[in-house]
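Below is one structure, written out as structure tokens; the observations come after it.
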Amino acid sequence: MIRPTAPAARAKIVDVNDRRELIGGIEKRDIRIVDYDAAWPRRFAEERARIAAALGATARRIDHIGSTSVPGLAAKPIIDIDLSVPDVEDEATYLDALLAVGYRLRVREPGHRMVRTPHHDVHVHICTLGSEWERRHLLFRDWLRLDAADRTAYEQLKRKLAQRDWADMNAYAEEKGPLITEITRRAQEWAQNCGWTPV
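UniProt numbering applies: residue 1 is where the sequence shown begins, and numbers increase by one.
See below:
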């Protein structure tokens, strides 16, 4: 169940089941899937440099994740970045510095924060270095880069779902959940067999 934390429901929404706080409330946005763009890695590199300059040694890892990090995969034109810090719950060590260079806080939940650019074209997911959140997203990326069948299945599902009208982007993400679970299971088996670790 999702309920507003204040009379102005659009200001902040908290999911009382998973303690996810959406700063700005639920947003209705069109889901647009586009062909892979060779400019996406360059856009990531620009944001990586901005984050590194803002945080210095606090930024232990800055990785390109999500569909735009997988060559050849169609995606929403949003650059997803994983930023690993010593302790994501210690916001004082990173959040003000990120806000100062133009990012805006969107998600706050246990083990994860997300800030984004004003134009919503870059999402920076912040987690603790070595956490399961970090491992899961880096593994999913590496597996999709490797496995053409799962890459194709994932793209086909995204294109199909993009044709529907969605209340907000979170609902779209949840609908991808069953396939993501299947792909993650295969990725985990591969990781165990080959000794994969994040690099």
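We treat Cβ as the ideally placed atom computed from N, Cα and C, and that holds for glycine.
Quiz prompt | Pick from A38, R48, L146 that is closest to A59, judged by C-alpha positions | solution = Taking each of A38, R48, L146 in turn and checking the Cα distance to A59, the smallest one comes out for R48.
Practice problem: Tell me the start and end of each unbroken alpha helix (DSSP H) in the region 41 to 128 that is at least 4 residues and wholly inside, in chain order. | Solution: For the region 41 to 128, whole alpha helix (DSSP H) runs of length 4 or above, ordered along the chain, are 95 to 100.
Exercise. Helix, strand or coil for I33, going by three-state DSSP, please let me know.
Key: The answer is coil: DSSP assigns I33 none of H, G, I, E or B.
Quiz item: Is the CB of F44 under 8 Å away from at least one CB in chain B?
Solution: The chain labelled as chain B is not found in the depicted structure, where only one protein chain is given.
Quiz item: Among the residues of its own chain, which have a CB less than 6 Å from the CB of R20, if the five just before and after it don't count?
Solution: In the same chain as R20, and ignoring 5 residues on each side of it, the C-beta atoms closer than 6 Å to its own belong to E109, in chain order.
Self-check item: Assumed close pair V124, R116 - CB separation to whole angstroms, cut-off 8 Å
Solution: Right, their Cβ atoms sit about 7 Å apart.
Exercise. Determine the extent of the beta strand (DSSP E) in which E182 is found, giving its start and end residues.
Key: Judged by DSSP secondary structure, E182 falls outside any beta strand (DSSP E) and instead within the alpha helix (DSSP H) spanning 177 to 194.
Exercise. Note the first and the last residue of the continuous beta strand (DSSP E) segment covering R20.
Key: That run of the beta strand (DSSP E) goes 20 to 23.
Quiz item: Between the Cα of R80 and the Cα atoms of E89, A74, G66, which residue gives the shortest distance?
Solution: According to the sequence provided, residue 80 is Asp. The question's Arg does not apply to it. Its Cα nearest to that of D80, the residue G66 stands out among E89, A74, G66.
Quiz item: Looking at V85 and L129, is the spacing between their C-beta atoms short of 8 Å?
Solution: At the C-beta level, L129 and V85 come within 8 Å of one another.
Practice problem: Measure the CB-CB distance between L73 and R151 and report whether it falls below 8 Å. | Solution: Yes, these two residues count as a Cβ contact at 8 Å.
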